[in-house]
Amino acid sequence: MSDRLARCFARLRADNRAAFVPFITGGDPDRATCATLLRGLPEAGADIIEVGMPFSDPMADGPAVQASSLRALRAGTKLADVLALVADHRQHDPETPIILMGYYNPIYSYGVDRFLSDADKAGVDGLIVVDLPAEHDDELCVPALSRGLSIIRLVSPTTDDERLPTVLTNTSGFVYYVSIAGITGTKSADSAEVASAVVRLRRHTALPIAVGFGIRNAAQAAEIARTADAAVVGSAIVTTIQESLDDDGRATAHTVERTLALVRDIARGVHGARDS
Amino acid sequence: MTTANSFRTGPDENGNYGIFGGRFVAETLMPLILSVEKAWNIARSDAAFRAELDEYLRDYVGRPSPLYFAKRLTEHLGGAKVYFKRDELNHTGSHKINNCMGQILLARRMGKTRIIAETGAGQHGVATATVAALFGMPCIVYMGETDIARQQPNVFRMKLLGAEVRPVTSGSRTLKDAMNEALRDWVANVHDTFYIIGTVAGPHPYPEMVREFQSVIGREAREQMTEREGRLPDTLVACVGGGSNAMGLFHPFLDDKDVAIVGVEAAGKGIDTDAHAASLTRGRPGVLHGNRTYLLQDDDGQITEAHSISAGLDYPGIGPEHSWLKDQGRVSYVSATDAEALEAFQLCCKLEGIIPALEPSHALAHVMRMAPSLPADHIILMNMCGRGDKDVFTVAAAIGVSLE
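One line per chain: the protein sequences are A and B, in this order. Take 36 as the starting number for the first sequence in the working numbering and just add one per residue. Take 133 as the starting number for the second sequence in the working numbering and just add one per residue.
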């Protein structure tokens with residue numbers, strides 16, 4: 036596991052609170068605004084930051100993240116730009132763990148070795164590559180682990196006890212439980228089901244367990260944070276970005292402020308979840 | 133690169149054809165994909181499954197499809213003998229139903245109760261809606277808005293057959309986006325839904341399974357040609373979009389080294405323009421829709437939009453086995469433009485009384501290029517994989533005829 040991730044979860048455990056993991060797409064709505072957002076996230080309560088690598092065909096994502104990906108691409112964002120965003124951010128923030136999330140083809144096109152080397156240099160801590168299941172571990176996962184980058188794997192309600200060991204074998208950093216059978220941002224997670232899933236996962240792994248895909252607001256995030264080690268929110272955040280844009284899809288004076296206000300609100304929910 | 137002893141043994145147990153193929157899907161789908169593979173492996177060696185499929189293919193689809201000597205076309209071209217494998221005479225008007233019939237029987241064996249599909253030209257959508265109606269199963273067909281506009285007759289056909297056609301408005305609003313949307317539906321409905329993929333692409337076992345269901349074309353053609361001419365053809369020609377009709381014709385002949393095999397991609401406005409669908413000729417290997425294969429993509433690995441006058445060929449990828457056969461050098465892949473396909477379309481109507489679909493019109497365009505310089509005893513077998521009724525509006529618009 037990356038040192039930053041290990042330190043982050045150790046600190047949270049000591050404080051008996053869950054991590055809040057906001058998601059934004061690298062380069063959405065443009066590189067400068069995205070860089071400002073990134074700068075503001077830790078202060079707004081992000082414990083870990085998940086940054087999307089935009090892709091033309093994001094098959095596991097719902098309309099909000101698809102639109103976010105498309106905005107980033109229209110703004111001319113390349114994979115190298117996302118890595119540069121992270122590298123720039125690291126100048127100001129040496130400690131917040133950063134996870135890159137995306138699909139395999141842009142990485143494959145960039146070159147796996149070159150990508151891993153550049154991601155490592157940029158200060159990336161872990162990778163989520165949605166369309167690389169455990170069956171394709173040799174592609175990226177094994178070389179990433181040997182460089183000390185974490186590979187965070189998605190586990191879904193359809194992943195049964197028999198399959199879990201396969202999925203968890205090369206997982207490191209944390210496990211990402213997909214709380215709904217479906218695409219991002221389309222249904223709400225059922226906190227009772229999530230709680231029992233987290234119990235089931237803990238029988239198979241000692242890694243921290245993050246939950247995402249169906250969390251839209253502070254109250255839902257708080258529910259999840261009572262049982263899980265981290266709550267991930269993506270669609271609600273990129274929707275707030277979208278709603279702040281002008282008619283031509285450009286960032287406005289409200290974009291950063293409103294997005295960070297939402298992040299602050301959800302972070303309060305996550306961080307106060309176990310107080311009472 | 134080593135040359136394979138046989139070209140017919142792939143894929144390996146993980147669905148790889150050399151570096152191509154595989155199972156690049158989200159974890160939510162993996163357990164389901166594995167269960168489809170398990171069910172498929174049991175069914176394929178089950179005599180009862182094959183008997184049931186054969187019966188439907190014979191009595192409902194109308195197989196075997198005829199092998200037809202295109203005499204007037206042959207005389208017109210003045211060279212090689214041209215035969216058509218008449219898969220456009222199948223029920224629903226194309227080869228697509230061969231595969232749909234196989235997959236829906238598998239879905240029933242798996243206890244699935246809801247069918248989804250993607251479609252480009254609408255031929256696969258119509259074939260899927262047809263088998264869903266036959267077995268009384270609800271059916272949702274995802275279709276890009278662009279394709280809905282240019283394939284109205286097929287959209288109406290699907291609705292008549294009881295299917296719901298869901299317009300896809302993301303991306304280029306064509307086949308690739310319809311496939312994204314179908315995969316999203318499947319992820320959200322894994323418990324009761326079977327996804328009938330229409331071509332030899334997608335995660336393993338789909339490329340192999342669709343090939344096996346379509347190989348009935350090549351198996352019949354081998355037998356029919358042997359009976360008719362006392363030997364195998366010299367050259368096979370078929371159009372390739374995703375590549376299912378071509379794989380169906382080619383696969384039984386892959387180890388017949390004297391049979392030349394040619395796949396014809398859609399060159400759209402020309403392969404040197406940015407408006408074509410020639411993924412093998414102009415693409416490079418990448419990962420999309422569950423498999424590694426040749427893809428049209430930009431320098432950053434973003435998938436680019438394909439173009440073809442034929443909605444069925446308008447896809448930026450290609451089945452992974454075709455990618456492997458290209459790299460092995462076993463099949464040569466060429467291309468034909470929109471204009472060449474339109475010319476072939478019209479010639480076939482006039483000379484043979486057959487209105488071909490725009491997809492096989494691309495194959496015919498290549499036949500027209502190659503046949504004149506070949507000797508009279510050279511036999512070309514072309515897969516006439518679909519009929520063109522669905523395309524008459526597109527053709528009218530392209531040649532400047534108003535049907536209003």
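Built from N, CA and C at the ideal position, the CB exists for glycine as well.
Secondary structure note for Y215 of chain B: its beta strand (DSSP E) is the uninterrupted segment K213 to K217. Neighbourhood of H171 of chain A in chain B, by CB distance below 8 angstroms: G154, R155 and F156, in chain order. The Cβ-Cβ distance between L76 of chain A and V298 of chain A falls below 8 angstroms. Per DSSP, reduced to three states, the secondary structure at E174 of chain A is coil, with no helix or strand assignment. Closer than 8 angstroms to the CB of T160 of chain B there is at least one CB belonging to chain A.
In the structure shown, the three-state DSSP call for P163 of chain B is helix. If you draw a 10 Å sphere on the C-beta of N312 of chain B, you find 16 or more other C-beta atoms in it, and that means buried. Distances from the alpha-carbon of L381 of chain B to those of B:K389, B:H408 and B:E344 put B:E344 closest.
The criterion of a C-beta distance shorter than 8 angstroms is satisfied by I247 of chain B and A264 of chain B. By the Cβ test, the segment 183-203 of chain A is in contact with the segment 161-171 of chain A, since at least three Cβ pairs between them sit closer than 8 angstroms. By the Cβ rule, the segment 198-215 of chain B counts as touching the segment 355-372 of chain B, because three or more pairs are nearer than 8 angstroms.
If the five residues before and after T240 of chain A are omitted, its C-beta is found closer than 7 angstroms to the C-beta atoms of L203 and V210, all from its own chain and listed in chain order.
Taking a Cβ-Cβ threshold of 7 angstroms, the residues of chain A close to S302 of chain B are Q101, in chain order. Scanning its chain for C-beta atoms nearer than 7 angstroms, with the 5 sequence neighbours on each side dropped, one finds no residue around A183 of chain B. Assigned with DSSP and collapsed to three states, Q434 of chain B falls in coil, not helix or strand. Boundaries of the alpha helix (DSSP H) harbouring R299 of chain A: H289 to H306, taken from the DSSP string. Not a single C-beta of chain B is nearer than 8 angstroms to the C-beta of G146 of chain A. Every beta strand (DSSP E) stretch that sits fully inside the segment 360-440 of chain B and reaches 3 residues is listed by chain position as 367-371, 392-400, 416-420 and 422-427. DSSP places Y447 of chain B in the coil class of the three-state scheme, outside both helix and strand. Taking a beta-carbon distance threshold of 8 angstroms, I435 of chain B counts as an interface residue toward chain A.
Contact of P168 of chain A with chain B is assigned, a C-beta pair being separated by under 8 angstroms. In the three-state reduction of the DSSP assignment, R309 of chain A falls in the coil class, being assigned neither a helical nor a strand state. Listed in chain order, the positions of the segment 310-337 of chain B with a beta carbon within less than 7 angstroms of a beta carbon of chain A are N312, L315, R316, V319, A320 and V322.
Here the C-alpha atom of A392 of chain B lies approximately 8 angstroms from the C-alpha atom of R462 of chain B. Remark: three or more beta-carbon pairs, one from each stretch, lie closer than 8 angstroms, so the segment 104-120 of chain A and the segment 79-95 of chain A are flagged as touching. Beyond the five residues adjoining it in sequence on each side, T306 of chain B comes within less than 8 angstroms, by CB distance, of G252, G276, T278, D279, E437, A438, A443, D446 and Y447 in the same chain, given in chain order. About 6 angstroms separates the Cβ atoms of T290 of chain A and I276 of chain A, confirming a contact at the 8 angstroms cut-off.
Residue contact with chain A for K308 of chain B: present (Cβ-Cβ distance below 8 angstroms to some residue of chain A). Residues of chain B with a Cβ closer than 9 angstroms to the Cβ of F90 of chain A are, in chain order, G433, Q434 and I435. With a cutoff of 8 angstroms on beta-carbon distance, I250 of chain A and A224 of chain A are scored as near each other. In this structure, the beta-carbon distance from G220 of chain A to A99 of chain A falls below 8 angstroms. Exposure of I174 of chain B is indicated by the presence of fewer than 16 other C-beta atoms within 10 angstroms of its C-beta. Closer than 8 angstroms to the CB of N146 of chain B there is at least one CB belonging to chain A. In the three-state reduction of the DSSP assignment, A224 of chain A falls in the coil class, being assigned neither a helical nor a strand state. For G276 of chain B, no alpha helix (DSSP H) run applies; the uninterrupted beta strand (DSSP E) run containing it begins and ends at C271 to G276, by DSSP.
Residue environment: E187 of chain B is assigned as exposed (fewer than 16 neighbouring CB atoms within 10 Å of its CB, all protein chains considered).
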